[in-house]
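The structure appears right after this line, and notes come after that.
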Amino acid sequence: MLMLYKAQNDSTLKFHVKSVVESRPPDEFIRAGFRKAPALQITDDEGVAHEDDIVDYLERYAPRREYDDDAEDAVADLFRVFACYIKEANKDERALNTELLRLEKHLMSRGTRFLSADEPRAIDCLILPRLHSLRVAGRALKGYEIPNELQHVYEYLRSGYALQMFRTSAASDQVKFKFSQKFEIDFSGDNFALGRPTSVSFGGSKDEFSQATTQIQFFDLKIFSH
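Counting from 596, one number per residue, gives the positions in the sequence shown under the numbering used here.
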């Protein structure tokens with residue numbers, strides 16, 4: 596999503612996305628010296644293979660990231676706690692709910708559609724896909740649902756799903772595929788198939804979002820994703 600956000604605001608950024616199955620990587624992925632996705636190939640001889648390094652590299656393109664200490668603090672531990680919850684055998688979701696409550700309180704006090712403003716910023720491009728992954732993987736692996744009372748979190752997700760760049764980059768099937776590889780989970784009985792339209796529900800109502808394909812031609816950068 597961050598790549599699309601940058602490309603929409605900076606005409607000098609042009610890229611092409613290629614999906615990679617890490618157990619069967621394509622030759623160009625191997626030749627670039629990459630082992631895991633995501634990875635960013637800049638030239639034939641230059642690449643970036645860590646998510647944080649990719650984010651840092653993209654800072655050379657507009658708009659520059661505006662740091663919001665309150666927003667950063669609200670999500671500082673959320674995804675670390677989620678990763679621990681997914682890896683643990685028990686179903687104690689209290690720590691995860693506590694972190695989501697921090698996000699809820701921030702969104703409620705800020706009163707904006709996104710973390711820092713009514714329009715998405717760079718931080719939303721990082722947090723929204725991860726929050727989407729939390730919903731999809733949490734449900735698939737642990738039967739976890741974000742508590743219904745966290746209405747501002749759900750509104751934040753709704754605002755994200757309304758963005759074309761978010762729908763393009765955050766297909767639920769791809770999230771399941773990523774976690775199935777990482778945790779050796781079999782989703783064959785969960786209507787799992789790459790490319791299938793994904794159903795997203797909010798409190799009983801369902802909004803259908805078809806998986807979209809990034810239609811940006813390769814000129815300068817190539818990013819490999821799950």
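No residue lacks a Cβ here, since even glycine has one placed at the ideal position from N, Cα and C.
For clarity, every value in this text was computed on a predicted model and none was experimentally measured.
S618 versus R659 - alpha carbon distance: Whole-angstrom Cα-Cα distance: 35 angstroms.
Cβ pair L710, D663 closer than 9 angstroms: Yes, they are a contact pair.
Based on Cα-Cα distance, which residue from T693, A690, D687, L597 lies nearest to D647? D647 has its Cα closest to that of L597, out of T693, A690, D687, L597.
Please name the residue in D605, E750, V615, G738 whose C-alpha comes closest to that of E699. Residue nearest to E699 within the set D605, E750, V615, G738 is E750 (criterion: CA-CA distance).
Reducing DSSP to helix, strand and coil, say where K682 ends up. Note: K682 maps to helix in three-state DSSP.
A632 burial status per 10 Å Cβ neighbour count (16 or more: buried): Buried, since its Cβ has 16 or more Cβ neighbours within 10 Å.
Starting from the C-beta of H701, find all residues in its chain whose C-beta is less than 6 angstroms away, skip the five residues before and the five after it, and write them out in chain order. If we look at H701 and ignore the five residues flanking it on each side, its Cβ neighbours are A669.
Check the DSSP bridge columns for T638 and list the partner residues they point to. Answer is E641, bridged to T638.
In or out: H645 buried (at least 16 other Cβ within 10 Å) or exposed? It is exposed - the Cβ of H645 has fewer than 16 other Cβ atoms within 10 Å.
Are E688 and K737 closer than 9 angstroms when you measure CB to CB? The criterion of a C-beta distance shorter than 9 angstroms is satisfied by E688 and K737.
Consult DSSP for S764 and reduce its assignment to one of helix, strand or coil. In the structure shown, S764 sits in a helix (DSSP, three-state: H, G or I).
Closest Cα partner of C720 within the set I637, L758, V643, K613: Per the Cα distances, L758.
Secondary structure at F822, three-state DSSP: helix, strand or coil? Coverage of the chain is limited to positions 596 through 821, which leaves residue 822 absent and any answer about it impossible.
Please classify P621: is it buried, with 16 or more other beta-carbons within 10 angstroms of its beta-carbon, or exposed? Result: exposed.
Please state the DSSP three-state secondary structure of V615. In this structure, V615 counts as coil in the three-state DSSP scheme.
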